[in-house]
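Each residue of the sequence shown is one higher than the one before, starting from -12 at the first, in the numbering used here.
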Amino acid sequence: MFGVPVWKKDYHNTAHVAEAAARIKAALKPGDMVNTDAALKTWWDLPTSFAWKLIPWDQRKVFGGNSVFKDIHSTMYLDPEHTFSMQYPEGGVYLKVEDYCLDPIAVYRYRRHEFDDGDIRIMRKFADKIIGKKYALSELIHILFETILNFDFEGKKRPRFRKRRWVCSTATRVVFEKWRKFWNRLNPGKPKMHRLFDTLNPNLDPPYTRVRDLFLHGSYPNGVDIEMTSPAHYANSAFYGHEFELVAMFDNGEGVG
């Protein structure tokens, strides 16, 4: 899917960056989830490479080898100047499209609602509260190990992030779920907006029993815990209620398929 080596991507080439950013901005809509592929990382990223290698391994174990399991980072696009990202080591930050336009990315769009300016203002309000918060790297590694080592959920308390401690995909989901609750309060006469990943696709093949285990033994009845949300949940939402659809992929600023 993604094949341009990291060392060939030149963010100092301002003309190329501007052209790449323009192409990506044309494909994005506010509220889109933007996932970054593991091809972004290289072996010399020693401080974080161990964790980043565990993420695809963990996601493949959960969703299977035929799924999209190589995504290692999730962000939420709000406008060209504000893509919300919980990233290591900075924590919660806003990025411009120019900051990631050469990375290997996939864009996922929510299918159940067309976001308007009011929706994005609400999301921005909740994202603002997480800006500057720390990235919970140690807890990410803890939960990855629990999943990879086949933690027995029966009769045991599942590992959970401490309050207000997030990684990329949990932070973006927190912003989404807070918007959802706010929207439901503002629109009492309309059908309620449901939590993400609150239903399980009944047509899953037998190899995907791990998806069922994580779903059925979560702390929320019949739903994926916020703190167990991974980048692969956005990419593989068809395992649940097909909340998101893939609308575009880019590498080095060029569309790929």
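We put the beta carbon where it would ideally sit given N, CA and C, even for glycine. Bear in mind that the values here come from a model prediction, so they are computed numbers and not experimental data.
DSSP three-state assignment for residue i, whether helix, strand or coil
i	result
Y95	strand
T23	strand
D115	helix
Y122	strand
H229	coil
F184	coil
H60	strand
T70	strand
E164	helix
G210	coil
L82	strand
G275	In the structure as shown, the chain starts at -12 and stops at 244, and residue 275 therefore has no counterpart that could be examined.
V49	helix
F148	Any reading at F148 must be qualified, since the residue scores a pLDDT of 43, below 50, and its modelled position is unreliable; no value is offered.
F237	strand
L89	coil
L65	strand
S54	coil
Reference residue i; option with closest CA among the options
i	options	result
N22	M110, L233, G244	L233
T1	C88, L15, P43	C88
A219	D86, V(-9), S61, A9	S61
A25	L15, L41, K12, H69	L41
M215	D19, N171, L183, D86	L183
P178	R99, G52, E68	R99
K83	M110, V4, D185, S125	V4
R197	K12, D45, D(-3)	D45
A222	D(-3), N53, Y(-2)	N53
P67	N174, R172, K12, I92	K12
Cβ-based neighbour list, residue i, same chain, cut-off 6 Å, excluding 5 preceding and 5 following
i	result
R47	F56
S224	E230, F231
D255	Outside the shown range of the chain (-12 to 244) lies residue 255, about which nothing can therefore be said.
G243	A small fix is needed here, since residue 243 is Val in this sequence, not Gly. Cβ within range, chain order: M236.
I92	V21, T23, F237
M180	R167, W170, N171
P175	none
D115	none
Residue i and residue j closer than 8 Å at C-beta
i	j	result
V80	I118	yes
P76	I59	no
S217	S156	yes
L245	P(-8)	Lying before the first or after the last residue shown, residue 245 is absent from the chain, which here runs from -12 to 244.
F113	K165	yes
A14	A235	yes
L203	V49	no
R10	H69	no
I109	F163	no
Residue environment, residue i, which counts as buried when at least 16 other CB atoms sit within 10 Å
i	result
G142	Interpretation of G142 is limited by its pLDDT of 41, a score under 50 that renders its predicted location unreliable; the figure taken from the coordinates is listed afterwards. So G142 ends up on the exposed side.
N239	buried
D104	exposed
R172	exposed
Close-in-space but distant-in-sequence residues of the same chain around residue i (CB under 8 Å, 5 per side omitted)
i	result
W153	M73, G79, I117, K120, Y122, A123, V161
K(-4)	L89, D90, N239
R199	L187, L191
Same chain, Cβ closer than 7 Å to residue i, neighbours up to 5 away in sequence not counted
i	result
N188	A225, F226, Y227
D19	Y64, V94, Y95, R96
E85	V4, A8
E6	G240
Y(-2)	V4, L89
beta-carbon residue i near the ligand GTP non-hydrogen atom, thresh 7 Å
i	result
V154	Ligands in the displayed structure: none, and consequently the ligand GTP is not present.
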